[in-house]
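Participant:
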Amino acid sequence: MSVSPSDPSALAKGVLAGERRALARAITLIESTRPDHREAAEALMHDLLPHTGRSVRIGITGVPGAGKSTFIESFGLHVLAEGKRPAVLAVDPSSPRSGGSILGDKTRMEELSRDARAFIRPSPSGCTLGGVARRTREAMLVCEAAGFDVIVVETVGVGQSETAVADMVDMFLLVLVPGGGDELQGIKKGIVELADAIVVNKADGDLAKAAARAARDYKNALHLLAPSSPHWTVPVLTCSAMERSGIDDVWTMVAGYRDTMDKAGALAERRSAQAHAWMWSEVSETMLQALRDDPRVERLLPDMERAVAEGRMAPGAAARQLVETFRLPLARP
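Residues 1118 to 1450, numbered by the working numbering, are exactly what the sequence shown covers, in order.
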């Protein structure tokens, strides 16, 4: 079945039927910034929304070199063995100069990408804070509507703005790697506080003992932090994604988290709060885009930017003038 982005109703039917081409086109549509595509995307989401919400949503981040992609592939293959269907939304960093991305996650997850029951979608992060594409939330819902049980969002890496992914998933998982005895150094406290679980990867060979020591260090450190939920104690697990050992324990832990939080009503509360935050994020993005598209602001912007760059005007004053210009009533023809 060939569906066109200009027909969101037909596209929604294709997604609900599990057609991979329709799924890919639907995500491409919601990632588009064209005004006509945005309207079509909103109509598409309206049709799909009643069919979402049944999956477990997992955000995964970690330090560079932690083996996130290898871990996600091993985890995804285990999920398949459990009779579930995983979808991976892997957000690649965009260049601040060219805007381009490598988008190499399918290359790094060869075995998982070959399985027709799984879905991997690399997307450029663009300029969105946290390395999470602005439309990742909608892409996640589209995958749910297409019948995927486990949605994994892989972020670019560890940073202060990784709260972006924690605000859209049920569980935030931090993947770390054993180092030279100072594993706790360089790990930002805020990231650890966001984590619902910590997994020390590469627990194999010569690093097996180091991984066990690192896990003990993290467990001790967590005692000094206030738990993010009164219903859940953050566990620290070890695994070897390369040897695919310990992955079953991670899946068991994920299932236990989902069951515990669901029974306590905390999962519904979390998703409700996320939807509320999502709405205001969309308000901010929409207002900013409307300001940029305003012809009066567009005419004034080059002079304002030049004045700020040359130190002739404070950034706050320039911003205020641009906003005041935007708020002026439009002249009637």
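Beta carbons are placed, not taken as given, at the ideal position from N, Cα and C, and that holds for glycine.
1. Go ahead and pull the three-state DSSP assignment for M1118.
2. Verify the contact flag: A1141, CB atom, against every heavy atom of the ligand ADP, threshold strictly below 7 Å.
3. Which of helix, strand or coil does DSSP assign to G1176?
4. For the 8 Å Cβ check, are there 3 or more pairs between the stretch 1402–1417 and the stretch 1368–1378?
5. Helix, strand or coil: how does DSSP classify A1331 here?
6. To the nearest angstrom, how far is it from the Cα of A1325 to the Cα of S1186?
7. My output table needs one value for S1357: the three-state DSSP class, helix, strand or coil.
8. Just tell me which of T1369, R1252, G1176 has its CA closest to the CA of R1155.
9. CB-CB under 7 Å to V1371, same chain, minus the five flanking residues each way: which ones, in chain order?
10. Taking all protein chains shown into account, do 16 or more other C-beta atoms lie within 10 angstroms of the C-beta of G1193, making it buried, or fewer, making it exposed?
11. Taking Cβ positions, are E1271 and I1364 nearer each other than 8 Å?
12. Could you pull the start and end residues of the alpha helix (DSSP H) that A1134 belongs to?
13. Do the stretch 1157–1171 and the stretch 1257–1266 meet, that is, are 3 or more Cβ pairs less than 8 Å apart?
14. As a quick exercise: from S1191, A1343, V1317, D1321, pick the residue whose alpha carbon is nearest that of T1334.
15. Helix, strand or coil for F1443, going by three-state DSSP, please let me know.
16. Who does P1239 pair with in a DSSP beta bridge?
17. Suppose the cutoff is 7 Å on Cβ atoms and the five residues either side in sequence are ignored; what does the same chain contact list for R1234 look like?
18. Could I get the ranges of all uninterrupted alpha helix (DSSP H) runs contained in the stretch 1356–1433, with 4 residues as the minimum, in chain order?
19. Could you spell out where the alpha helix (DSSP H) holding M1162 opens and where it closes?
20. So, with DSSP's three-state summary, where would you put A1314?
21. Take the Cβ of L1354 as the centre, count every other Cβ of all protein chains shown within 10 Å, and call the residue buried at 16 or more, exposed below.
Facilitator: Answer, in terms of the structure:
1. Bear in mind that the predicted position of M1118 carries a pLDDT of just 47, short of 50, making it too unreliable to give a figure here.
2. With respect to the ligand ADP, the structure shown offers nothing to examine, as it has no ligands at all.
3. In the three-state reduction of the DSSP assignment, G1176 falls in the strand class, which pools E and B.
4. no
5. helix
6. 20 Å
7. strand
8. Scanning T1369, R1252, G1176 for the CA closest to the CA of R1155 turns up R1252.
9. V1173, I1175, M1288
10. buried
11. No, they are not a contact pair.
12. Element bounds for A1134: n/a, residue is neither H nor E.
13. At 8 Å Cβ cutoff, the stretches touch.
14. Reading off the sequence, residue 1334 comes out as Asp, not Thr. The option with the nearest alpha carbon to D1334 is V1317.
15. helix
16. A1207
17. Spatial neighbours of R1234 in its own chain (CB-CB distance under 7 Å, excluding positions within 5 residues in sequence) are listed in chain order as L1197, R1202.
18. 1364–1380, 1383–1410, 1412–1426
19. 1152–1165
20. strand
21. buried
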